[in-house]
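Presented below is the structure to which this report refers.
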Amino acid sequence: MRASTIKRYWSVALVAVIIAVLPRFIPSYGAFELTYVAAYAIGILGLVILTGANGQISLGHGAFFAIGGYTVALLGQKLGIPYWVSVPLAALLSGAVGLALGLVALRLEGIYLALATFALAVATPPTLKHFKMLTGGSQGVILTPVGVPSALHGMLTPEQWLYYVTWALAGVLFLATSLALRGRLGRALRALRDNEVAAISFGVDPHRYKTLAFGWSAAYAGIGGAIVAIATAFASPDAYGIVLSLALVTGAVLGGLDTLWGALIGGLIVEYLPLLAQNINPAAPSVIYGIALIIFTIFLPGGISRAVQTFVTSLRRGGNQHART
Amino acid sequence: MRALSRPLAAVLAAVFAVSLGAGMPTSAGADEPGVSSTEIILGGLHPYSGPASSYGAIGKGAQAYFAYINDNGGVNGRKIVYKDLDDAYSPPQAVQLAKQLVEQDHVFAMFNTLGTPSNTAIRPYLNQNAVPQLFVATGASTWGADAAKFPWTIGWQPDYQSEAIIYAHYLMKEDPNAKIAVLYQNDDYGEDYLNGLKQGLGSKAAAIVKTATYEVTDPSVSSQVASLKASGANTFFIFATPKFSIQAMVAAAQQSWKPRTFLNSVSNSQTTMKAATSAGGVAATQGIISVQYLKDPAEPKWDADAGMKLYRAIVAKYMPGADPNNGYHLYGMGAAFTLVECLQRAGKNPTRRALVDAAIHLNERNNPFLITGVVVQTSPNNRFPIGQEQLASYDGTRFSLFGSLIGARGR
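Taken in order, these protein sequences are the chains called F and Y.
118 is the number that this note's numbering gives to position 118 of the first sequence; each next residue is one higher, with no gaps.
Here this note's numbering runs 325 ahead of the position in the second sequence, where the first position is 1.
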């Protein structure tokens, strides 16, 4: 194994250990907040695939959060289906809608795709309200709160249990994504992003891969939305508006679109930035979002994850530089 | 510290249990979360950011009233600490912050959280943990109607349905053949009003010839107003938040539509009416009918009133830079007044149960911020604290109350 590969595993292992032991050191509601971080990180991971690897823009991933959230809510409330069944179903349904949208996206490039997905985000709350018979309209749907399995009673609070399940799921998804993006699939997506004509001449089918990227990405957002709804134990239309979609994109851009770490950092940003910013000024979150977006796109287009990597690398090189020159 | 406090709590709990078992009188309240010898900690959520941020003024009003109470000795010698956080009108954030307030800040009770979605989201959690969720700032009927399932929750303001019923009864007296057009916000708040209107019209519900909705993210409602006008209606109900109410009033005036207009109390503050008048002329607001239950700070009639003087003094001292004519501040103080009474009646060693008990046995006749004669009244079977309102009409510069107080829900 190369040194860099070993180092990469070290950092992954370190983060995994931190995640595993953290609930012992923080209050239960702290674990609860970190569950949202995992949910948002999974959703943003979808954007890292779609926008980062494949170069397609989506300002409407909040809509897939809504599909995921409402799938678990309605399957649970109307049919009594447990979460371990309904979350995968939420991913499938959201992914299927994503595939369909991917077909539309084939005909739209850049700014037009951004606008179309923006419209999707805007249309989500009214659509949910319109199909009142199914979705309960604006009243929303109340979900059954997560309980601790009897084997673990007394050892974990419900919040901690949900935390571990969510982070385990996030771990699996991050690992799977990392492998897939490193292989043939990832190469095809990146080739299409960088130069579509060249990619086609090498035998990459653009329609197939771009549609696939959309469906794949949407499935992740569906899972993220499902977890948010389960944690909140409530799904209501106005929680899935344009604000959520833009927060996800902002998190992805600030975190960094070209590494999976970016998704993790993005999840932290979406969850904690509004909580921290309100200490400065009530109106601060949106202002900070806006300013940070501008600064990052101009000065740090790779996001926080890339900036940290560059910094660490330059530190390491700094030591060796004299010897080399 | 944290590691130590858990065994400590266990020991305390054991001591408490033993003392109960021995039949000894316990000093109730001493172990109550959020109550120390010097402080009572309360939690609350208001939207200080996001699309509903104008309602943040309510939380600020309540905060100012508590500061005033604290400077005058507090409640039974304890100062009120009101931890009021920004949930941006988002249910996921509300749930997280409520857990933080209960589990980290150990609040004694939640007070005046704003918005139906946020309150709906946190209600099961608070009730499960027996944390009082008092005087929520929403007029949905569920806060009073679903007490059997959620006994720790109660509303404060008149519910939207009752208000709409009052309009319906008045209209049927004035114009039994009215043709009604309704603009309402496409959510539970708007639907509550619409349902109340239908209920109040009863067999005449067919008088509603056209309805139109808007989303909170819509830029304007002028096309909705145009379609309502085209229906040929001669009566116009606006069940909308301030921004959209202004747009609706102005659009009707610009389209030279002059129906008999009813405006929901949510939007009848002087700030709203002034904005509509300056944008659409006197024609936009003259003759508009609404109801009031709070004293309107912009109404000169109250200038000499002791309650209004108190309100203005508190704004001047504790809310530097705030607009005293913003009725939301007064709303927050009114709700805070009722809460302070409940805290006082919960006794020297208040418990959560005693607090809720006080909240469902109210007969408050001296709330200085409510229209003279309005009684804040509850019983275990009637959990709608304010059930009286008075009709008012706008003359282009201000609202004037007319008729007498009208009771809803059997009052």
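Ideal placement from N, C-alpha and C gives every residue a C-beta, glycine not left out.
With a Cβ-Cβ cutoff of 8 Å, do residue i and residue j count as a contact?
i      : j      : result
Y:K626 : Y:N401 : no
Y:L687 : Y:Q702 : yes
F:G222 : F:T144 : no
Y:T538 : Y:Y509 : yes
Y:I614 : Y:T586 : yes
Y:Y643 : Y:A382 : no
F:I230 : F:Y40  : no
Y:E714 : Y:P483 : yes
Y:K408 : F:F32  : no
Y:M685 : Y:M658 : The sequence shown places Ile at residue 685 of chain Y, not Met. No, Cβ-Cβ distance for Y:I685 and Y:M658 is not below 8 Å.
Y:A576 : Y:S547 : yes
F:L34  : F:Y163 : yes
F:V348 : Y:G605 : Residue 348 of chain F lies beyond the stretch modelled for chain F, which goes from 1 to 325, so this question has no answer here.
F:G303 : F:V270 : no
F:S305 : F:I265 : yes
F:L74  : F:P237 : no
Y:A660 : Y:W481 : yes
F:L47  : F:L173 : no
F:A105 : F:L113 : yes
F:L156 : F:V148 : yes
Y:N589 : Y:P622 : no
Y:E666 : F:S28  : no
Y:T566 : Y:D513 : no
Y:Y414 : Y:S443 : yes
Y:S718 : Y:S725 : yes
Kindly indicate the opening and closing residues of the beta strand (DSSP E) around residue i.
i      : result
Y:Q713 : 713-719
Y:A742 : The structure shown has nothing for residue 742 of chain Y, since chain Y only spans 326 to 736.
F:R190 : F:R190 -> not in any beta strand (DSSP E); alpha helix (DSSP H) instead, spanning 184-194.
Y:Q580 : Note, Y:Q580: premise wrong, no beta strand (DSSP E); not H, not E.
Considering residue i, what are the terminal residues of the alpha helix (DSSP H) in which it resides?
i      : result
Y:L664 : 652-670
Y:K599 : 595-605
Y:G525 : 513-526
F:E109 : F:E109 -> no alpha helix (DSSP H), and no H or E assigned at all.
Y:Q510 : First-last for Y:Q510: 505-510, but that is the beta strand (DSSP E), not the alpha helix (DSSP H).
Y:T542 : First-last for Y:T542: undefined, no H or E at that position.
Y:V640 : 631-643
Y:I613 : Taken as a continuous stretch (DSSP letters only), Y:I613 belongs to no alpha helix (DSSP H), as it is neither H nor E.
Y:I479 : From DSSP, Y:I479 is part of no alpha helix (DSSP H); its letter is neither H nor E.
Name, please, each residue of chain Y whose Cβ falls closer than 8 Å to the Cβ of residue i.
i      : result
F:I142 : T445, P449
F:A239 : S415, P416, P417, P442
F:G228 : Before going on, a small fix: residue 228 of chain F reads as Val here, not Gly. Correct list: P417.
F:P23  : Per Cβ cutoff of 8 Å: no residues; F:P23 is ~13 Å from chain Y at best.
In chain F, which residues lie with their C-beta within 7 Å of the C-beta of residue i?
i      : result
Y:K424 : Y29, F32
Y:D513 : S138, Q139
Show which residues of chain Y have a CB atom less than 9 Å away from the CB atom of residue i.
i      : result
F:V122 : E540, T542
F:K129 : N511, D512, T538, E540
F:P145 : P449, Y450, Q453
Strictly below 7 Å CB to CB, what residues from chain Y border residue i?
i      : result
F:I242 : T542
F:I286 : The question names Ile, yet the displayed sequence has Ser at residue 286 of chain F. Near F:S286 (Cβ distances below 7 Å), the residues of chain Y are S374.
F:P158 : Under the 7 Å cutoff, chain Y gives no residues; its nearest Cβ is about 10 Å from F:P158.
F:P125 : E540
Run through chain F and tell me which residues come within less than 9 Å of residue i, C-beta to C-beta.
i      : result
Y:Q482 : Under the 9 Å cutoff, chain F gives no residues; its nearest Cβ is about 19 Å from Y:Q482.
Y:Q429 : P27, Y29, G30
Y:E516 : G137, S138, Q139
Can you list the residues of chain F that residue i reaches, using a CB-CB cut of under 8 Å?
i      : result
Y:V420 : A231, T232, A233, F234
Could you tell me which chain B residues have their CB closer than 8 Å to the CB of residue i, listed as they occur along the chain?
i     : result
F:Y36 : Absent here is chain B; the protein component of the structure consists of chains F and Y.
| Looking at C-beta atoms only, is the number of pairs between the stretch 521-538 of chain Y and the stretch 486-499 of chain Y that lie closer than 8 Å three or more? | yes
| Would the stretch 236-256 of chain F and the stretch 55-63 of chain F be scored as touching if the rule is three or more Cβ pairs under 8 Å? | yes
| request: Check whether the stretch 562-574 of chain Y touches the stretch 466-475 of chain Y, taking contact to mean three or more Cβ pairs, one atom from each stretch, closer than 8 Å. | output: no
| task | May I ask you to verify whether the stretch 184-192 of chain F touches the stretch 69-87 of chain F, counting CB pairs closer than 8 Å and requiring at least 3? | result | no
| Using 8 Å as the Cβ pair cut-off and three pairs as the minimum, do the stretch 84-96 of chain F and the stretch 208-224 of chain F touch? | yes
| Runs of alpha helix (DSSP H) wholly within the stretch 235-289 of chain F (minimum 4 residues, chain order) | 242-255, 260-280
| Minimum length 4: unbroken alpha helix (DSSP H) runs contained in the stretch 381-464 of chain Y | 381-396, 416-428, 441-453
| said: If we require 4 or more residues per run, which alpha helix (DSSP H) segments fall completely within the stretch 674-718 of chain Y? | reply: 677-684
| query | Which residue spans inside the stretch 125-151 of chain F form an unbroken alpha helix (DSSP H) run of at least 4? | reply | 132-135
| query | So, do the stretch 210-218 of chain F and the stretch 18-25 of chain F have three or more beta carbon pairs nearer to each other than 8 Å? | reply | no
| message | Three Cβ pairs or more, each shorter than 8 Å: is that satisfied between the stretch 127-147 of chain F and the stretch 252-272 of chain F? | response | no
| Inter-stretch contact (C-beta, 8 Å, three-pair minimum) for the stretch 434-443 of chain Y and the stretch 365-372 of chain Y | yes
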